[in-house]
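Visitor:
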Amino acid sequence: MIAVLHRARKSLGKLGLALAALALAACEPVGMTATGPAIDTGAPVPVALLVPGGSGQQTDQLLARSLENAARLAMADLGGVRIDLRVYQTTGQAGEAGAIAQRAVADGARVILGPVFAQEANAAGVAVASQGVNVLSFSNNTDIAGANVFVLGPTFENTANRLVRYAASQGQRRVMIVHERTPAGEVGRAAIARAISGSGSTLVSTMGYAFGQNEVIQAAPQIVANARATGADALFFTADTAGSLPLMSQMLRDQGLSPDQARYLGLTRWDIPQATLALPGVQGGWFALPDPALYQAFQARYQAAYGSAPHPIAGLAYDGIAAVGALVRSGRSDALSGASLTQSSGFAGVSGVFRLKSDGTNERALAVAEIRNRQVVVIDPAQRSFGGLGF
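Each residue of the sequence shown is one higher than the one before, counting from 22 in this note's numbering.
(1) Quick one, are the C-beta atoms of G306 and I198 less than 9 angstroms apart?
(2) Let's test the definition: count the other Cβ atoms within 10 Å of the Cβ of G219 and tell me whether it reaches 16, buried, or not, exposed.
(3) DSSP three-state call for P58: helix, strand or coil?
(4) Tell me the rounded alpha-carbon separation between L88 and V208.
(5) What do you reckon, are the CB atoms on G287 and F257 nearer than 9 angstroms?
(6) Please name the residue, chosen from G373, V170, L357, that lies closest to I60 on a Cα-to-Cα basis.
(7) Where does the unbroken alpha helix (DSSP H) through T180 begin, and where does it stop?
(8) If you pair each beta-carbon of the segment 69-85 with each one of the segment 98-110, do three or more pairs fall below 8 angstroms?
(9) Let's test the definition: count the other Cβ atoms within 10 Å of the Cβ of I165 and tell me whether it reaches 16, buried, or not, exposed.
(10) Of all the options S265, R210, A283, which has the alpha carbon lying nearest to the alpha carbon of G192?
(11) Does the distance between the C-beta of A150 and the nearest non-hydrogen atom of the ligand ZN fall short of 8 angstroms?
(12) Under the three-state reduction of DSSP, which class applies to I213: helix, strand or coil?
(13) Buried or exposed: V196, going by 16 or more other Cβ atoms within 10 Å of its Cβ?
(14) Please list the terminal residues of the continuous beta strand (DSSP E) segment that includes S226.
(15) With C-beta atoms as the reference, is L377 less than 9 angstroms away from A344?
(16) By Cβ distance, which residues of its chain are closer than 8 angstroms to Q78, with the 5 residues on each side in sequence left out?
(17) Identify which residue in A188, Q271, V66, A318 has its Cα closest to the Cα of L224.
(18) Pick from T382, G381, D340, D401: whose alpha carbon is nearest that of L94?
(19) If we call anything under 9 angstroms between Cβ atoms a contact, is H200 one with I217?
(20) Is it a yes or a no for the segment 311-319 touching the segment 368-388, going by three-plus beta-carbon pairs under 8 angstroms?
(21) Which of helix, strand or coil does DSSP assign to R405?
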């Protein structure tokens with residue numbers, strides 16, 4: 022228990038930036054515009070890539086380089102489709118992003134990929150909305166989605182839908198939500214509740230707890246008692262591996278409630294960092310992840326091309342170019358309109374198929390994995406098309 026408590030203290034101190042990023046809600050999702058600037062598919066199509074370089078922060082510079090590298094890797098896979106990629110550095114600031122988006126459109130950009138951060142993406146979208154240019158941002162904050170802004174990042178809604186429906190298919194339909202009382206925890210709780218309401222499963226209980234080590238220790242017995250009283254056969258956690266998950270999962274086991282009795286479901290990746298796989302508390306837990314084989318192939322190609330591993334979100338830049346390229350290949354002048362971007366068949370990305378929704382969010386094919394004997398074991402593979410995904 023001492024090791025788990027130490028890990029939890031360290032983890033609980035790291036979540037501030039992630040929570041802050043999720044808290045930056047800029048607007049409510051609205052319907053996408055159906056139009057977009059006309060393009061000449063017989064000539065290279067100007068595409069703007071907005072990256073967080075120029076901030077003076079090494080982490081931003083590395084991310085910017087990785088996004089550009091991934092985009093150029095995707096361009097090499099487009100065959101005869103020609104993309105004129107123009108890279109702009111935003112410094113990671115919303116004020117800069119809006120002005121730079123306007124400059125990119127003035128320079129001829131017909132679509133914008135990026136920026137990364139939610140406030141930036143919202144500012145960029147607002148800045149070019151009157152010109153009908155769509156923004157495929159690398160954010161996962163669905164609060165900024167809508168009008169001419171799409172989010173390419175993985176969303177809580179997508180993960181919650183996948184796991185709730187898979188659990189139901191395995192007979193686990195009485196779900197209890199266990200969430201942190203933080204901005205991220207509240208967003209996650211709402212996403213899980215929506216997924217349950219549309220799945221045929223039952224939300225038997227929702228229990229929140231304050232974000233802190235002592236609060237987790239105090240909440241665990243109450244969560245166990247509530248799970249037993251309501252007959253919950255699945256516990257859906259919003260906590261991540263950098264937050265309270267390591268301690269909470271161990272405390273629930275110590276209180277006698279293991280995944281054998283009520284399956285643990287995770288809204289976030291439980292295999293990052295890899296050391297999490299060794300924790301006793303997460304053994305038997307389920308979480309969702311992109312198709313491992315496809316993403317590993319992308320990592321290998323990137324490593325071979327650039328001599329280093331890609332940033333974890335670099336694949337979103339590849340996906341953006343892949344979507345643009347697939348649409349341009351159609352030869353239609355309205356290929357980059359909102360109506361075209363939201364085609365139901367979707368696109369093939371580095372980690373599987375994905376499609377953009379009319380509200381600016383996205384759906385991605387995900388695999389379901391179990392942590393078993395300190396290893397990630399895929400128990401339900403990601404599908405390779407949207408025909409049977411049930412969305």
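Beta carbons: idealized from backbone N, C-alpha and C, even for Gly.
Guide: In short:
(1) Counting from 1 along the sequence shown, the entry for residue 306 is found at position 285. Counting from 1 along the sequence shown, the entry for residue 198 is found at position 177. Not closer than 9 angstroms, so no.
(2) In the sequence shown, residue 219 corresponds to position 198, counting from 1. With fewer than 16 other Cβ atoms within 10 Å, it is exposed.
(3) The residue you call residue 58 lines up with position 37 of the sequence shown. Three-state result, P58: coil.
(4) Here residue 88 refers to the residue found at position 67 of the sequence shown. Here residue 208 refers to the residue found at position 187 of the sequence shown. Those two C-alpha atoms are separated by around 27 angstroms.
(5) As a first step, residue 287 is located in the sequence shown; it is residue number 266 there, counting from the start. As a first step, residue 257 is located in the sequence shown; it is residue number 236 there, counting from the start. The answer is yes: Cβ separation under 9 angstroms.
(6) Counting from one through the sequence shown, the residue named residue 60 turns up at place 39. The candidate whose alpha carbon is nearest that of I60 is L357.
(7) As a working mapping, residue 180 is identified with position 159 in the sequence shown. Counting along the chain, the alpha helix (DSSP H) containing T180 begins and ends at 177-190.
(8) Touching, yes.
(9) In the sequence shown, residue 165 corresponds to position 144, counting from 1. Burial call: buried.
(10) As a position in the sequence shown, residue 192 is number 171, starting the count at 1. Looking at the Cα atoms, A283 is the closest of the given residues.
(11) Although the ligand ZN was asked about, the structure shown includes no ligands whatsoever.
(12) To locate residue 213, count along the sequence shown from 1; it is residue 192. I213: helix per DSSP, three-state reduction.
(13) The residue you call residue 196 lines up with position 175 of the sequence shown. Counting every other CB atom within 10 Å of its CB across the protein chains shown gives V196 a total of 16 or more, marking it as buried.
(14) Locating residue 226 in the sequence shown gives position 205, counting from the first residue. Looking at the DSSP string, the run of the beta strand (DSSP E) that includes S226 is 223-230.
(15) One-based indexing of the sequence shown puts residue 377 at position 356. One-based indexing of the sequence shown puts residue 344 at position 323. Yes. Within cutoff.
(16) Walking along the sequence shown from the start, residue 78 turns up at place 57. Contacts found: G113.
(17) For the purposes of this step, residue 224 is taken as residue 203 along the sequence shown, with counting starting at 1. Closest by alpha carbon: A188.
(18) Within the sequence shown, residue 94 is the residue found at index 73, counting from 1. Cα-wise, what sits closest to L94 is D340.
(19) Start at 1 with the first residue of the sequence shown, and residue 200 comes out as number 179. Start at 1 with the first residue of the sequence shown, and residue 217 comes out as number 196. No. Outside cutoff.
(20) A contact between stretches requires three or more CB pairs, one per stretch, nearer than 8 angstroms, and the segment 311-319 meets this requirement with the segment 368-388.
(21) Start at 1 with the first residue of the sequence shown, and residue 405 comes out as number 384. Coil at R405, not helix or strand.
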